[in-house]
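Participant:
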């Protein structure tokens, strides 16, 4: 109760101070401070926005990508929040996983050549936002002009993978094609996936292909697309993606969009030596139908996954309806109120998550006599934000929010029985309530500081659990938690530097929250362009993380440094980029590259050794 009172007092005090200031900024581009960070993506620098492990944008201001293996394994981390806490959308389409372990993470669906903007939103009040907001990519608006854009990428030495993306448009039609393939990388000690992670010798190359087409007629736009991926390796987890098919289609009128996404996903451990003693396989399907607009979103999701675990030593097979045909349906509306001294945003909605399989309910009732097959939740968020120009050189923003969101379906209903420890959801979870205060401050183009403080009631965490007469399980529980993050940026002419700090604590037991990244420091030197050549040198340091949750088998990490150099040459309509990553060939593993229970493989995933990368960009109107 004290925490609520303190939060409300801080909220009132903050807005009282700035009540007479001019409200100048709602949504901005390139820097500044607001609840929506909108960035235009210049094509010649699109590879910096590409959400892969070499992305510059996804390694700053609290953003990070969790390395779970090679190409197409990344997942988003933002200010201490992860997985379902952050929505990924494309032009208003909610992209969701079929895999309960998020092997088909939505961020991997992004084809950067067709994108022209990205919005990073730290609020639950906007359309399709989750607990800590959303990251939305916006496709390029179609025109009648003929244009071709392409991005060819390749990585050599420690890595061996290649990626081709092409976007062509004309007559208000756009076509995107992407093909990617490659082999597992090696760490700085030249060790491969077989010796590091227990894979069979010479694991297969991964393959990924996607294609889509869009056409606009006046205020209408329609589009369809499909993708297929094979043999994407996840040493972070206990299984690998063997095959995933993804289909999508939409019809759009002005800001209103009706869309459908379908994913079929198969994962197993057939590429690993562990297959000899224990077979594991999950076949998952996800169907999402959504309707979204400027002030509303309606999403209906059908999620089904069948799993088996066969212990050859015990000669025993466990067959599971891991996700028992769950229907997850939600609807919400939101609106902005431009008051005299503050901007207010509100969102209200309702959600239902349910299934009908009594055999699954029976398993859950063995652990909890009050287990349920259906849950209703209220969705709500109230946000106040204020942008102040203290002077021409000094700008600041403050934001405060209270929001609540429903638990994810797998947290409620996942059902996997295994030889040693089951993974069983908790259908009686309470919905999380988040209070947030954020402050950002900028001085000209030289200095920027950001802070986000979150106190969460009923925050959902994985937790080991025992019930008399039943096999031990990993489940989910509600806790009170604090998550803090801040960043400090300095930029002057050719030099930029940024510190990112994170802190998380379970307020129920005063122990560290799991998966809270350590302090990081990034430095970049961008030399002046000479004869169309641009040279950049970058350095990244990650501190050791000793604050870990031993109950989830977290292990402390060590500090590491890495240095890289990039050389770009412009020869219109081409741009050529040559880069050496991990120049000093350090052998290191990031703190977040270690899965916690219930996903844990118990292995640290190392970054690649020294890598030489090339990119060829082409952008031409005809």
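Numbering (this note's numbering), first residue to last: 236 to 857.
Even glycine gets a Cβ: it sits at the ideal position worked out from N, Cα and C.
Taking the CB atoms as reference points, tell me whether residue 372 and residue 353 lie closer together than 7 Å.
Facilitator: yes
Participant: Using 8 Å as the Cβ pair cut-off and three pairs as the minimum, do the segment 796 to 804 and the segment 812 to 822 touch?
Facilitator: yes
Participant: Could you pull the start and end residues of the beta strand (DSSP E) that residue 785 belongs to?
Facilitator: It is not in any beta strand (DSSP E) - residue 785 carries neither H nor E in the DSSP assignment.
Participant: Confirm the yes/no value for this check: CB of residue 322, any heavy atom of the ligand ATP, distance under 6 Å.
Facilitator: Ligands displayed in this structure: none; no statement on the ligand ATP is therefore possible.
Participant: Could you tell me which uninterrupted alpha helix (DSSP H) segments, each at least 4 residues in length, are contained entirely in the segment 694 to 768, listed from first to last along the chain?
Facilitator: Within the segment 694 to 768, no complete alpha helix (DSSP H) run reaches 4 residues.
Participant: Quick check on this structure: which residue in 620, 644, 655, 713 has the alpha carbon closest to the alpha carbon of residue 675?
Facilitator: 620
Participant: Could you check how far apart the C-beta atoms of residue 342 and residue 311 are, in whole angstroms? I think they sit under 8 Å.
Facilitator: 5 Å
Participant: Looking at residue 777: is its Cβ nearer than 7 Å to the Cβ of residue 755?
Facilitator: Yes.
Participant: Within 10 angstroms of its Cβ, does residue 257 collect 16 or more other Cβ (buried), or is it exposed?
Facilitator: At residue 257 the pLDDT is 34, less than 50, meaning the model places this residue with poor confidence; the figure from the coordinates comes in the next sentence. That one is exposed.
Participant: Look at the Cβ atom of residue 492, then the Cβ atom of residue 485, and state whether they are nearer than 7 Å.
Facilitator: yes
Participant: Going by DSSP in three states, residue 465 sits in which element: helix, strand or coil?
Facilitator: strand
Participant: May I ask you to report which of helix, strand or coil DSSP gives residue 941?
Facilitator: The question about residue 941 has no answer, for the chain in this structure spans 236 to 857.
Participant: Once the 5 residues before and after residue 592 are set aside, which same chain residues still bring their CB inside 7 Å of it?
Facilitator: 556, 559, 560
Participant: Given residue 461, which residues of its chain have a CB within under 8 Å of its CB, disregarding the five upstream and five downstream residues?
Facilitator: Excluding sequence neighbours, residue 461 sits near 445, 446, 447, 480, 481, 482, 483.
Participant: For the segment 416 to 448, which segments carrying the alpha helix (DSSP H) assignment without a break, of at least 4 residues, lie completely within its bounds, in sequence order?
Facilitator: 428 to 432
Participant: Is the CB-CB distance between residue 395 and residue 409 below 7 Å?
Facilitator: No, they are not a contact pair.
Participant: Three or more beta-carbon pairs under 8 Å between the segment 581 to 591 and the segment 608 to 623, yes or no?
Facilitator: yes
Participant: Alpha carbon to alpha carbon, what distance is there between residue 767 and residue 806?
Facilitator: 8 Å
Participant: Pick from 497, 424, 471, 431: whose alpha carbon is nearest that of residue 459?
Facilitator: 497
Participant: For residue 676, which three-state DSSP category applies?
Facilitator: strand
Participant: Between which two residues does the alpha helix (DSSP H) holding residue 595 run?
Facilitator: 593 to 600
Participant: Return the first residue and the last residue of the alpha helix (DSSP H) that residue 826 is part of.
Facilitator: Premise fails: residue 826 is in no alpha helix (DSSP H) and is neither H nor E.
Participant: I need the DSSP call for residue 657, collapsed to helix, strand or coil.
Facilitator: strand
Participant: Grab the span of the alpha helix (DSSP H) containing residue 281 for me, first residue to last.
Facilitator: 281 to 284
Participant: Taking residue 209 as part of the beta strand (DSSP E), name the residues at either end of that continuous run.
Facilitator: Past the edges of the chain, shown from 236 to 857, lies residue 209, and the structure says nothing about it.
Participant: DSSP state of residue 492, grouped into three classes?
Facilitator: strand
Participant: For residue 548, which residues from the same chain have a beta carbon less than 8 Å from its beta carbon, with the 5 sequence-adjacent residues on both sides left out?
Facilitator: Same-chain partners within the cutoff: 512, 513.
Participant: Using C-beta distances below 8 Å, list every residue in its chain close to residue 377, excluding the 5 sequence neighbours before and after it, in chain order.
Facilitator: 404, 407, 408, 409, 449, 450, 451, 456
Participant: In this structure, how does DSSP classify residue 344 when only helix, strand and coil are distinguished?
Facilitator: Three-state result, residue 344: helix.
Participant: Quick one: what does DSSP say residue 457 is sitting in, helix, strand or coil?
Facilitator: strand
Participant: Could you check whether the segment 690 to 702 touches the segment 719 to 733, counting it as contact only if at least three pairs of C-beta atoms, one from each stretch, sit closer than 8 Å?
Facilitator: no
Participant: Figure out for me which residue from 421, 470, 414 has the closest Cα to the Cα of residue 433.
Facilitator: 470
Participant: Give every residue of the same chain whose Cβ lies closer than 6 Å to the Cβ of residue 399, excluding the five residues on either side of it in the sequence, and list them in chain order.
Facilitator: Its chain contains 387, 414 as the residues whose beta carbon lies nearer than 6 Å to that of residue 399, once the 5 sequence neighbours on both sides are disregarded; these appear in chain order.
Participant: Using only alpha-carbon positions, find the residue among 421, 665, 746 that is nearest to residue 642.
Facilitator: 665
Participant: Applying the criterion that 16 or more other CB atoms from any shown protein chain within 10 Å of the CB defines a buried residue, is residue 625 buried or exposed?
Facilitator: exposed
Participant: Taking the beta carbon of residue 655 as the centre, do at least 16 other beta carbons fall within 10 Å, making it buried, or is it exposed?
Facilitator: exposed
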